[in-house]
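**Student:** Here it is: the structure, laid out below.
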Amino acid sequence: MDFGYPVPAHAQYAMNLTGAANVRIRFTWTGTWDWWWAIDNVEIIDYPVTCATPPNAGTAASSFTTACPFNVIDLYLEFADSSTGFTYQWQVSTDNVNWTDITGATSSSYSLSGQAQASYYLCNITCGGLTGTSAVVAIGQNAPLDCYCIPEYLNGCDALGKVAVNTLLNVSVDCNGILPENYTLWPDTGSLTTDLGTGDYYDVTIASGPGSGMHGAGIWFDFNADGDFQDAGEYTHVSDTIPELSGDFITNINIPVNAVLGPTRMRVRYIYSTLVTSTDDCSTNGFGETEDYTVNVVLGTGVKNNPLQSIKVYPVPANDRIFVQSPVQGSMQITLLDQTGRICRNIHSASNSLEINTSDLSAGIYFIRFETENNTLTRKIVLN
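Heads up: the sequence shown at position 145 corresponds to 148 in this note's numbering, and the numbers run straight through without jumps.
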């Protein structure tokens, strides 16, 4: 370039930057003698790309080979042509035959969430009215039992010490998981699993291990085996006042008559200083522990109603006495326990009406357990 003095001149140069992710433009001057060298008003213009043939769309790729509904799937292209003049459109298919545009998926990469079934994905690249189609990527769908979310504890471990239901019994006073999840999925073998019959009633017992302060606890069952615990009837509250190294806390559950038969997940969460609700199956908390078990739902015994369910315990809350009315005929064992598991009353009764004096007991949460030869029921009561 040898012009521009004394009258400024304008020069324009075409540069092919196809495929470049970053571009640096450098100006140099080489010479032996001159008055000066100067440059001003540099402008870079993106001209429309024209294509004589369809772009090479390469191969669609993914961050997952199989996914769960809550996974965020990153779709991207490998070995594809690239230019600022290209337009992109990702498509999805469930049969690799019929394809549908994905709304908003109009760049060379796309983040997809909420895949509900195994699907195929591809990307169309268009240039000057000519379209190239990428090779397809297939993403499978994990089974619901492989798609449970895992909650986290940000600060440390407060341990569950015991979980029991029917023939399942796990006594483990230390945290078995690794932070931040502090989570254990126990194998479905031996005493770490059990059969639960549809329509039948069971006591679920938990106790705490080492820790500090008060804790809340809840139990979840995925009765419809859809990979989450957020359907009606899948949550049972245990208590929000469980101390460390507690005695047994007992909660009675009913397996729905329409529960899906076969293996399903039971989750127990123990959380420091938290009022546990149904939405805490996957919440992030400070201290605690989460344990999952695989239980097997089978056809029930045919006794769809626990007759002890009709027992009335009042008043609620109570003061210095508790009244029990029961339609159940025959003898019954009635046990009153405090929240550490200490037995406060142990009564053998054949009466349909009973009064229990509690005037010597401190205010707080207690559990009253009714046992006959064939059935068991535990209720939570509050004394003022």
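No residue lacks a Cβ here, since even glycine has one placed at the ideal position from N, Cα and C.
Every value quoted in this text rests on a predicted model; they were computed, and no experiment measured them.
Tell me, which residues are paired with Tyr296 by DSSP?
**Tutor:** Met269
**Student:** Roughly how many whole angstroms lie between the Cα atoms of Lys307 and Leu171?
**Tutor:** Unreliable positioning characterises Lys307 in this predicted model, as indicated by a pLDDT of 48, which lies under 50. The coordinate reading is nonetheless provided below. In a straight line, the C-alpha of Lys307 is about 21 Å away from that of Leu171.
**Student:** Report buried or exposed for Thr235, applying the criterion of at least 16 other Cβ atoms within 10 angstroms of its Cβ.
**Tutor:** First, the amino acid is wrong: residue 235 is Ala here, not Thr. So Ala235 counts as exposed.
**Student:** Alpha carbon to alpha carbon, what distance is there between Pro58 and Thr134?
**Tutor:** About 7 Å.
**Student:** Taking C-beta to C-beta, are Cys160 and Asn185 nearer than 8 Å?
**Tutor:** yes
**Student:** In its own chain, which residues sit with a C-beta less than 7 Å from the C-beta of Leu364, not counting the 5 before and 5 after it?
**Tutor:** Short of 7 Å from the beta carbon of Leu364, and not among the five residues preceding or following it, lie these beta carbons of its own chain, in chain order: Cys347 and Leu386.
**Student:** What number of angstroms, rounded off, separates the C-alpha of Ala83 from the C-alpha of Cys54?
**Tutor:** For the pair Ala83 and Cys54, the Cα-to-Cα distance works out to about 15 Å.
**Student:** Mind listing, in chain order, the continuous beta strand (DSSP E) runs of no fewer than 3 residues lying wholly within the stretch 55-107?
**Tutor:** Correct list: 62-65, 75-81 and 90-96.
**Student:** Taking only the alpha-carbon atoms, compute the straight-line gap between Gln94 and Gly164 and give it to the nearest angstrom.
**Tutor:** 50 Å
**Student:** Between Gly265 and the rest of its own chain, which residues show a CB-CB distance below 8 Å, the 5 nearest in sequence each way excluded?
**Tutor:** Ala228, Asn299 and Val300
**Student:** In or out: Glu81 buried (at least 16 other Cβ within 10 Å) or exposed?
**Tutor:** exposed
**Student:** Report the three-state DSSP secondary structure of Asp149 (helix, strand or coil).
**Tutor:** helix
**Student:** Just verifying my parser: in three-state terms, what is the DSSP assignment at Gly202?
**Tutor:** coil
**Student:** Expressed to the nearest angstrom, what Euclidean distance is found between the alpha-carbon atoms of Phe73 and Gln144?
**Tutor:** Within the model, the alpha-carbon separation for Phe73 versus Gln144 is close to 11 Å.
**Student:** Looking only at its own chain, which residues have a Cβ that is under 7 Å from the Cβ of Thr196, when we skip the five neighbours before and after it?
**Tutor:** Contacts found: Leu171, Tyr296, Thr297, Val298 and Asn299.
**Student:** Does DSSP put Lys307 in a helix, in a strand, or in coil?
**Tutor:** Its pLDDT being 48, under 50, Lys307 is placed unreliably in this model, and the value from its coordinates should be taken loosely. Note: Lys307 maps to coil in three-state DSSP.
**Student:** Helix or strand or just coil, what does DSSP make of Leu115?
**Tutor:** strand
**Student:** Return the Cβ separation of Ala60 and Ser137 in integer angstroms, given the expectation that the two are a contact with Cβ distance under 8 Å.
**Tutor:** 4 Å
**Student:** For the beta strand (DSSP E) that contains Gln2, what are its first and last residues?
**Tutor:** Absent from the model: residue 2. The displayed extent of the chain is 4 to 387, so no value can be given.
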